[in-house]
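Everything below concerns the one structure shown next.
Numbering (the numbering used here), first residue to last: -18 to 405.
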């Protein structure tokens, strides 16, 4: 979709430049000839075919479910094996005819049926005590299917199964950091890097969030606020994405750009959660040490700042320096929250507002629209959290917001006078 949009815009620009005499017709023709052919898109026939296939599959599943208890166990198992064989054969047939989307869909459905087979075998042999182990086995099978077929659908199934597996392990052992998921995630990330697929990169970026969320909620941190742990995870994702995108490889650049986009949105969400949870708008824990964080989480956050600065050094982009500043300010907001249950965390509020403003300016300097959107959403969330906090004086908060607004307007006026007219 994005390639076609870019191609249409380029074609319009070439036609305009040729009409204005900026470039010669021969140069425009050579540019058009140098462009690779567009990949086959999803037309109306493919969409209708996908809907029809899903309806047939749903009808089959409903029929089998209606008679599931009446079917012998071996017959159930045979049905599942036949389902995997049929989806695999259909996927190969579609792939041979260039129907990559339908082939990918068949591989994903086959991975889902494989998970149903694991559940049935566990039911037959009474292996239900280790449900998390079954989810791990399912994810391994789905990853194997993704590796063999290049299916994004199978990769998505594997990541979902792995996320459920790690959440269950964290729930069962909240005092232990579940590091095996990191190895599984790195395998999935290597898939996305090898495929040079933006869809796979988005799936990998989203898959890391359940691990951080489950860890922050269940890990025993002496009553620490989960938002502070999430902020460290967002910092690492954002900074690592920027550093990977700074590499000379186009594959790494695509993967890193997607990771940094998700990291920017995660950082904005963490800033909003810091305000809402620490001020008890969303009450999660009662503690006098709300800013306490584990050492490993602090190191992850520091690594995110360092990686962002390394990326800024390699690319020499001013926006990435501000991105590193935004990460650092969100992390520094945690120690600013007052230990006592009374008092106003003005420094924390100021740090979070400055962080989100840095995120917006960073996106504007680097011309990265998702980063701009993430920064604006973060500003809106932080302002809303400050305004509707249940602790402290609302009058004092209104005065703080007014003072912050005056400072921002004064700073904008100074910038407008200092910058040349072309840079405004």
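Note that the Cβ used here is the ideal one computed from N, Cα and C, for glycine as well. Quick caveat, the model's predicted, so the values are computed rather than measured.
**Message:** Measuring only the C-alpha atoms, how far is residue 186 from residue 0?
**Reply:** 44 Å
**Message:** Output needed for residue 339: all residues of its chain with C-beta closer than 6 Å, excluding positions within five of it in sequence on either side, in chain order.
**Reply:** 303, 306 and 307
**Message:** Judging by CA-CA distance, which residue of 393, 2, 90 and 99 is the nearest neighbour of residue 342?
**Reply:** 393
**Asked** Ends of the alpha helix (DSSP H) at residue 163?
**Response** 161 to 176
**Request:** Could you tell me the distance, in whole angstroms, from the CA atom of residue 55 to the CA atom of residue 128?
**Result:** 29 Å
**Asked** Hey, residue 59 and residue 92 are a contact pair by Cβ (cut 8 Å); roughly how many whole angstroms apart?
**Response** The Cβ separation is near 19 Å, so there is no contact.
**Prompt:** Among 237, 52 and -7, which has the Cα closest to the Cα of residue 180?
**Reply:** 237
**Asked** Can you list, in chain order, the stretches of the alpha helix (DSSP H) that have 4 or more residues and sit fully within the region 84 to 156?
**Response** 112 to 130 and 133 to 153
**Prompt:** How about residue 131 and residue 176: do their beta carbons lie closer than 8 Å?
**Reply:** yes
**Asked** For residue 369, does the three-state DSSP call read helix, strand or coil?
**Response** coil
**Request:** State buried or exposed for residue 230, treating a residue as buried only when at least 16 other CB atoms are found within 10 Å of its CB.
**Result:** exposed
**Prompt:** When DSSP labels each residue in this structure, what does residue 51 get in the three-state scheme?
**Reply:** coil
**Cα-Cα separation between residue 386 and residue 278, rounded to whole angstroms** = 33 Å
**Message:** If you measure between the beta carbons of residue 223 and residue 241, is that distance less than 8 Å?
**Reply:** yes
**Prompt:** What is the rounded straight-line gap between the Cα of residue 298 and the Cα of residue 82?
**Reply:** 37 Å
**Message:** Residues in the same chain with beta-carbon distance under 8 Å from residue 332, minus the five sequence neighbours each way, listed in chain order, please.
**Reply:** 310, 311, 313, 314 and 317
**Asked** Secondary structure at residue 313, three-state DSSP: helix, strand or coil?
**Response** helix
**Message:** In whole angstroms, give me the CA-to-CA distance for residue 281 and residue 197.
**Reply:** 13 Å
**Message:** Less than 8 Å between the C-beta atoms of residue 142 and residue 166, yes or no?
**Reply:** no
**Request:** Could you pull out every residue in the same chain whose Cβ sits closer than 7 Å to the Cβ of residue 148, ignoring the five residues on either side in sequence?
**Result:** 191 and 195
**Message:** Please return the same chain residues whose Cβ sits closer than 6 Å to the Cβ of residue 243, not counting the five positions on each side in sequence.
**Reply:** 186
**alpha helix (DSSP H) runs wholly inside the region 216 to 267, at least 4 long, in chain order** = 231 to 259
**Message:** In whole angstroms, give me the CA-to-CA distance for residue 321 and residue 361.
**Reply:** A caution first: residue 321 carries a pLDDT of 43, below 50, which makes its placement in the model unreliable, though a value can still be read off. So the two alpha carbons sit approximately 27 Å from each other.
**Prompt:** Using the rule of at least 16 other Cβ atoms within 10 Å of the residue's Cβ for burial, across every protein chain shown, is residue 207 buried or exposed?
**Reply:** buried
**Prompt:** Expressed to the nearest angstrom, what Euclidean distance is found between the alpha-carbon atoms of residue 139 and residue 156?
**Reply:** 26 Å
**Message:** Considering Cα atoms alone, identify which of 365, 77, 101 and 15 is closest to residue 249.
**Reply:** 365
**Message:** In this structure, how does DSSP classify residue 189 when only helix, strand and coil are distinguished?
**Reply:** helix
**Prompt:** Is DSSP giving residue 5 helix, strand or coil here?
**Reply:** coil
**Request:** Verify whether the separation of the beta carbon atoms of residue 212 and residue 251 is less than 8 Å.
**Result:** yes
**Request:** Whole angstroms is fine: what's the gap from residue 65's alpha carbon to residue 97's?
**Result:** 10 Å
**Request:** Can you say whether residue 390 is buried or exposed, counting buried as having 16 or more other CB atoms within 10 angstroms of its CB?
**Result:** exposed
**Item:** Exposure label - residue 144; buried when at least 16 CB within 10 Å
**Value:** buried
**Message:** Distance check for residue 51 and residue 43, CA to CA, integer angstroms please.
**Reply:** 14 Å
**Message:** Whole angstroms are fine: how far does the CA of residue 69 sit from the CA of residue 89?
**Reply:** 10 Å
**Request:** Please confirm whether residue 457 and residue 134 have their CB atoms less than 8 Å apart.
**Result:** For the chain, the structure presents residues -18 to 405; residue 457 sits outside this window and is missing.
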